[in-house]
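These protein sequences, in sequence, are chains B and A.
If you count the first sequence from 1, position 36 lands on 36 in our numbering, and the numbers rise without skipping.
If you count the second sequence from 1, position 342 lands on 342 in our numbering, and the numbers rise without skipping.
Working notes for the structure below.
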Amino acid sequence: MYDEMTTGDSVRAPYRNIKRWIDEIGPEALDKKRREAETIFRKVGITFCVYGEGGDPERLIPFDMIPRIFSASEWEELARGIEQRAIALNKFLWDVYHDAEIVEAGIVPGDLIFENDSYQPLMKDIDPPAGVYSHIIGIDIVRVGDNDFYVLEDNCRTPSGVSYMLENREIMMQLFPDLFENDAIEPVEDYPSKLYATLRSVKPPLCEGEPTLAILTPGPFNSAFYEHSFLADEMGVELVEGPDLYVEDDRVYMRTTTGPRRVDVIYRRIDDDYIDPKNFRSDSILGVPGIFDAYRAGGVTLVSAPGAGIADDKAIYTYVPDMIRHYLNEEPILKNVDTWRCRDEADRAYVLENIADLVVKDVHGSGGYGLLIGPHASDAERAAFAKKIEAAPERYIAQPTLALSTCPTLSGDALASRHVDLRPFALVGAGEDGCSVSMTPGGLTRVALREGSLVVNSSQGGGVKDTWVLNGSG
Amino acid sequence: MALLSRTGESLYWIGRYVERAENMARLLDTGRRMSAVPNDADDETSEWQSVLAGAGARYAFDQSHKDVTKQNVVDFIAFSQANPSSIVSCIAQARANARAIRTALTIDMWEALNEFWLELRAKAPMRVGAGELGYFLDWVKKSCALFRGVADSSQLRDDTHNFLRLGTFVERADCTARLLDVKCYVFDDRDEPVSGSVDTFQWTVVLRATSSLRAYKWAYGGGYDRANIVEFLTLNPYTPRSLAFCVERISEHLNRLARLYAARHDSHEICASIAAELNASDVEAIFEGGLHEFLTRFIARNNWLSTQIARDYNFLSAAETAGVDIAAESAAKPKSRTQEQTRVKQPLTAHQENKSAVAS
Numbered sequence: 001m002y003d004e005m006t007t008g009d010s011v012r013a014p015y016r017n018i019k020r021w022i023d024e025i026g027p028e029a030l031d032k033k034r035r036e037a038e039t040i041f042r043k044v045g046i047t048f049c050v051y052g053e054g055g056d057p058e059r060l061i062p063f064d065m066i067p068r069i070f071s072a073s074e075w076e077e078l079a080r081g082i083e084q085r086a087i088a089l090n091k092f093l094w095d096v097y098h099d100a101e102i103v104e105a106g107i108v109p110g111d112l113i114f115e116n117d118s119y120q121p122l123m124k125d126i127d128p129p130a131g132v133y134s135h136i137i138g139i140d141i142v143r144v145g146d147n148d149f150y151v152l153e154d155n156c157r158t159p160s161g162v163s164y165m166l167e168n169r170e171i172m173m174q175l176f177p178d179l180f181e182n183d184a185i186e187p188v189e190d191y192p193s194k195l196y197a198t199l200r201s202v203k204p205p206l207c208e209g210e211p212t213l214a215i216l217t218p219g220p221f222n223s224a225f226y227e228h229s230f231l232a233d234e235m236g237v238e239l240v241e242g243p244d245l246y247v248e249d250d251r252v253y254m255r256t257t258t259g260p261r262r263v264d265v266i267y268r269r270i271d272d273d274y275i276d277p278k279n280f281r282s283d284s285i286l287g288v289p290g291i292f293d294a295y296r297a298g299g300v301t302l303v304s305a306p307g308a309g310i311a312d313d314k315a316i317y318t319y320v321p322d323m324i325r326h327y328l329n330e331e332p333i334l335k336n337v338d339t340w341r342c343r344d345e346a347d348r349a350y351v352l353e354n355i356a357d358l359v360v361k362d363v364h365g366s367g368g369y370g371l372l373i374g375p376h377a378s379d380a381e382r383a384a385f386a387k388k389i390e391a392a393p394e395r396y397i398a399q400p401t402l403a404l405s406t407c408p409t410l411s412g413d414a415l416a417s418r419h420v421d422l423r424p425f426a427l428v429g430a431g432e433d434g435c436s437v438s439m440t441p442g443g444l445t446r447v448a449l450r451e452g453s454l455v456v457n458s459s460q461g462g463g464v465k466d467t468w469v470l471n472g473s474g
Numbered sequence: 001m002a003l004l005s006r007t008g009e010s011l012y013w014i015g016r017y018v019e020r021a022e023n024m025a026r027l028l029d030t031g032r033r034m035s036a037v038p039n040d041a042d043d044e045t046s047e048w049q050s051v052l053a054g055a056g057a058r059y060a061f062d063q064s065h066k067d068v069t070k071q072n073v074v075d076f077i078a079f080s081q082a083n084p085s086s087i088v089s090c091i092a093q094a095r096a097n098a099r100a101i102r103t104a105l106t107i108d109m110w111e112a113l114n115e116f117w118l119e120l121r122a123k124a125p126m127r128v129g130a131g132e133l134g135y136f137l138d139w140v141k142k143s144c145a146l147f148r149g150v151a152d153s154s155q156l157r158d159d160t161h162n163f164l165r166l167g168t169f170v171e172r173a174d175c176t177a178r179l180l181d182v183k184c185y186v187f188d189d190r191d192e193p194v195s196g197s198v199d200t201f202q203w204t205v206v207l208r209a210t211s212s213l214r215a216y217k218w219a220y221g222g223g224y225d226r227a228n229i230v231e232f233l234t235l236n237p238y239t240p241r242s243l244a245f246c247v248e249r250i251s252e253h254l255n256r257l258a259r260l261y262a263a264r265h266d267s268h269e270i271c272a273s274i275a276a277e278l279n280a281s282d283v284e285a286i287f288e289g290g291l292h293e294f295l296t297r298f299i300a301r302n303n304w305l306s307t308q309i310a311r312d313y314n315f316l317s318a319a320e321t322a323g324v325d326i327a328a329e330s331a332a333k334p335k336s337r338t339q340e341q342t343r344v345k346q347p348l349t350a351h352q353e354n355k356s357a358v359a360s
């Protein structure tokens with residue numbers, strides 16, 4: 001098991017200072033600070049919402065005070081790998097919504113794309129500004145050893161968590177200002193201005209002059225509402241709900257106290273299905289009728305583009321390294337986790353045989369649902385899952401259980417090792433030749449708070465940590 | 001400069017709900033005081049009856065409660081979630097509106113309201129007795145005052161402030177008018193009561209409920225006089241809870257919006273006509289036409305103004321009900337005294353009512 005802070009008896013270089021600090025301050029004082037942090041989170045209202053499970057629907061994400069740290073060189077490598085992936089994913093999206101060369105070339109099976117629920121036929125032959133479909137990509141990465149990173153999945157639709165990246169840093173700086181004194185840690189606070197620049201760069205063809213931006217939220221009942229409102233505030237743009245918008249002559253307008261005002265770029269945090277009851281699910285009350293028509297006509301840019309989800313589909317995931325080779329003519333910098341596709345007979349036989357050692361995932365599942373962790377499941381659970389696989393093999397993929405790295409984490413008033421992953425955020429906008437990627441050094445580190453647990457999702461009892469990237473000298 | 005219509009609407013209702021919560025606390029406080037004074041045997045019940053009437057909650061109360069007891073009334077007016085105008089409901093709704101538009105509030109405003117709500121949730125419901133009610137009501141009043149204060153000291157004087165304050169003063173005018181209306185019968189009686197009588201006591205209750213007992217004495221000297229008290233709470237432009245004062249503030253905020261947006265609307269005309277009517281009135285004329293009739297007309301016209309503000313500034317609820325014309329003038333006809341006027345609550349849009357369907 002790889003620990004981020006210590007190898008044997010020695011403390012790894014990036015963690016030396018923080019180890020000294022932890023020893024000085026002691027876990028009890030840290031626990032007290034943790035409670036202080038929770039009070040601040042409640043007061044500011046940094047919550048996520050879970051409905052339908054009873055209890056208080058507005059919950060805090062447990063925040064762990066001990067940061068997760070990368071050296072400058074570790075981050076540089078990760079960032080290069082993420083940029084490469086972000087560009088390849090967008091090229092793939094362009095391709096599948098145009099001539100689908102990658103299918104012609106026999107690299108990705110056509111049925112996996114065209115019969116996929118995430119494929120959006122209405123997007124065929126639409127040219128989004130700068131060829132960008134997925135503008136904000138969250139790539140989930142796990143570490144199993146020194147310089148040994150794997151991509152667990154890509155999130156190309158509307159990945160959330162970036163507000164925690166920013167707030168975690170904010171609260172750490174508030175509680176422990178001394179830690180940040182000598183500028184050894186790369187700042188993350190310019191993410192909102194980078195996001196603004198990214199959105200601005202993809203203004204629609206019909207927009208002349210400065211575009212008006214807005215964030216479209218499903219509303220205060222959505223689990224990530226805090227993040228929507230936080231980002232709108234940080235960027236100084238309106239946070240709109242479906243009923244605030246309407247479409248007229250292929251342009252989108254907000255209803256304001258002085259009448260209509262045009263909106264040009266919409267960072268929508270509503271799923272494809274719900275965004276336009278006229279073109280997609282007609283029972284949606286969250287969306288804006290006709291907004292897709294305006295998009296098609298070039299009157300508005302939707303961020304991300306409808307149908308971008310085909311790129312982060314768990315079945316497509318296995319082909320990302322091939323995409324990188326195909327579109328960029330480069331070797332992938334970041335590794336994929338070995339994946340067995342249950343749709344292939346040989347793979348399926350292997351998965352059923354070895355289910356006790358594998359993680360099996362429903363390709364349509366998310367948030368840690370529809371998942372079997374073989375080594376942690378009971379015989380009955382494995383048997384039940386095996387039945388599901390046999391009933392609908394195309395729905396499942398399997399991967400080896402990775403020994404996710406651990407990071408010291410406060411548990412009660414003592415330190416314990418807990419598994420972590422990392423979600424950095426890549427922004428993809430218009431660049432000089434096509435699209436360009438910008439990264440914020442850091443990301444969201446999620447930590448499984450239960451001992452031994454590998455599930456880091458906040459909906460399943462995961463917590464978060466501040467993520468540091470040390471600058472060159474560190 | 002403009003706001004999302006939904007933002008303007010939410011600010012307006014935050015103003016209304018916080019003001020309403022404060023008035024509910026004042027109203028309960030009068031009940032608490034009255035019940036502490038030895039009176040006829042029936043009086044305690046009738047005092048809590050009149051608290052219910054003042055809250056516009058008699059009918060709703062009867063749906064869920066049998067006996068008008070102190071505990072039941074306090075539960076209903078302070079803590080009931082079934083009562084949309086209870087203190088708990090008001091603050092929950094104010095906070096829900098604030099959460100939806102929090103970027104339009106200053107951090108101080110959001111934190112004041114959010115903490116108010118968090119603490120209220122921890123306190124409610126509570127058993128009455130052991131003298132805690134008084135402290136609780138004081139705390140509610142202070143929390144409302146804190147929100148008003150941080151809004152005054154932190155908010156830009158732009159349209160956000162104007163919508164918030166429109167809500168505050170439309171609601172305050174409504175509350176003062178209702179409070180007076182409940183006590184109408186003690187004012188309508190032409191025989192001047194002797195000092196120290198129950199009637200005099202009732203008058204002081206009204207003054208206390210508007211936090212203006214002291215102010216009244218400064219304005220009119222010692223001694224309670226029926227006409228003076230009514231004038232004080234209706235036409236006196238210096239009393240911060242009088243109808244005239246509230247209408248003047250509404251007019252001021254509407255005029256600021258008109259300057260800001262370079263547009264005047266029907267609501268400006270309606271407000272001017274309400275102000276003119278109050279201006280032209282004197283207390284003798286009010287008694288001549290009947291105090292109850294006067295107040296009923298005011299409440300209806302104030303509601304009409306509220307509806308028109310919603311239309312003029314494109315509030316989403318107004319867009320959904322467009323075409324459903326409210327018969328404002330006919331509503332302004334006096335209702336009989338026994339007929340209860342229910343309080344206006346924020347019209348939910350279909351969108352808000354169906355929000356359980358959520359995407360990621």
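Note that CB positions come from ideal geometry on N, CA and C, so glycine has one too.
| query | result |
| --- | --- |
| Option nearest S143 (chain A) by Cα separation, candidates A:D312, A:S64, A:W110 | A:W110 |
| Candidates B:P408, B:L352, B:V363, B:T406, of which the one nearest E381 (chain B) by Cα | B:L352 |
| Runs of beta strand (DSSP E) lying entirely within the segment 405-462 of chain B, each at least 3 residues, in chain order | 406-411, 414-423, 425-431, 434-439, 444-448 |
| Contact with chain B by K355 (chain A), beta-carbon distance below 8 Å | Legend: pLDDT at K355 (chain A) = 42, less than 50; position of this residue unreliable, no value from coordinates given. |
| Rounded straight-line distance, which links the Cα of T6 (chain B) to that of R12 (chain B) | 5 Å |
| C-alpha gap between V247 (chain B) and L286 (chain B), whole angstroms | 14 Å |
| Beta-ladder partner(s) of Y246 (chain B), from DSSP | B:Y253 |
| In DSSP terms, what W75 (chain B) is bridged to | Answer is none; W75 (chain B) lacks a bridge partner. |
| Other residues of its chain near L328 (chain B): CB distance less than 8 Å, five sequence neighbours each side excluded | Q84, I87, A88, K91 |
| Cβ of C255 (chain A) within 8 Å of any chain B Cβ | Inspection of the sequence shows that residue 255 (chain A) is occupied by Asn rather than by Cys. No, no contact with chain B. |
| Three-state secondary structure assigned by DSSP to T6 (chain B) | strand |
| P57 (chain B): contacting residues in chain A (beta-carbon distance under 7 Å) | Going along chain A, no residue has its Cβ under 7 Å from P57 (chain B), so there is no contact; the nearest lies around 11 Å. |
| Through-space distance from L239 (chain B) to I141 (chain B), alpha-carbon basis | 30 Å |
| Which residues DSSP lists as bridging I185 (chain B), in chain order | B:L470 |
| Minimum Cβ-Cβ distance from D233 (chain B) to chain A less than 8 Å | yes |
| Host alpha helix (DSSP H) of V230 (chain A) (start-end) | 226-234 |
| For V464 (chain B) and I137 (chain B), believed in contact at Cβ under 8 Å, the rounded distance | The Cβ separation is near 19 Å, so there is no contact. |
| Between the CA atoms of D244 (chain B) and T339 (chain B) - distance to the nearest angstrom | 44 Å |
| Contacts that E361 (chain A) makes with chain B (C-beta to C-beta distance below 9 Å) | Look at the range of chain A in this structure, 1 to 360, and you will see that residue 361 (chain A) is not part of it. |
| Residue range of the beta strand (DSSP E) that includes G145 (chain B) | 136-145 |
| Cβ neighbour criterion (16 or more within 10 Å) applied to E104 (chain B) | exposed |
| Interface residues of chain B facing D159 (chain A) [CB-CB closer than 7 Å] | T257 |
| DSSP-derived helix/strand/coil call for G54 (chain A) | helix |
| Nonlocal neighbours in the same chain, by C-beta distance under 6 Å from K273 (chain B), ignoring five residues either side | The residue you asked about is not Lys; residue 273 (chain B) is Asp in the sequence shown. Correct list, in chain order: F280, R281. |
| Segment limits, alpha helix (DSSP H) that includes G259 (chain A) | Correcting the residue type first, residue 259 (chain A) is Arg in the shown sequence and not Gly. Taken as a continuous stretch (DSSP letters only), the alpha helix (DSSP H) holding R259 (chain A) covers 243-261. |
| Cutoff 8 Å: L213 (chain B) Cβ touching any chain A Cβ | no |
| Among A:R127, A:Q93, A:A100, A:I101, nearest to F116 (chain A) - alpha-carbon criterion | A:Q93 |
| CA-to-CA distance, R249 (chain A) to S242 (chain A), given in whole angstroms | 11 Å |
| Proximity below 8 Å, CB of L3 (chain A) to CB of D159 (chain A) | yes |
| Nearest to P67 (chain B) (by Cα), restricted to the options B:S73, B:M165, B:I107 | B:M165 |
| Beta strand (DSSP E) segment containing Y396 (chain B), residue limits | 396-400 |
| Helix, strand or coil at D174 (chain A) according to DSSP, with G and I counted as helix | helix |
| Three-state secondary structure (DSSP) of G259 (chain B) | strand |
| Outcome for A349 (chain B) when other beta-carbon atoms lying within 10 angstroms are tallied against a minimum of 16 | exposed |
| Extent of the continuous alpha helix (DSSP H) run through I275 (chain B) | 272-275 |
| Proximity test, Cβ basis, 8 Å: R99 (chain A) and chain B | yes |
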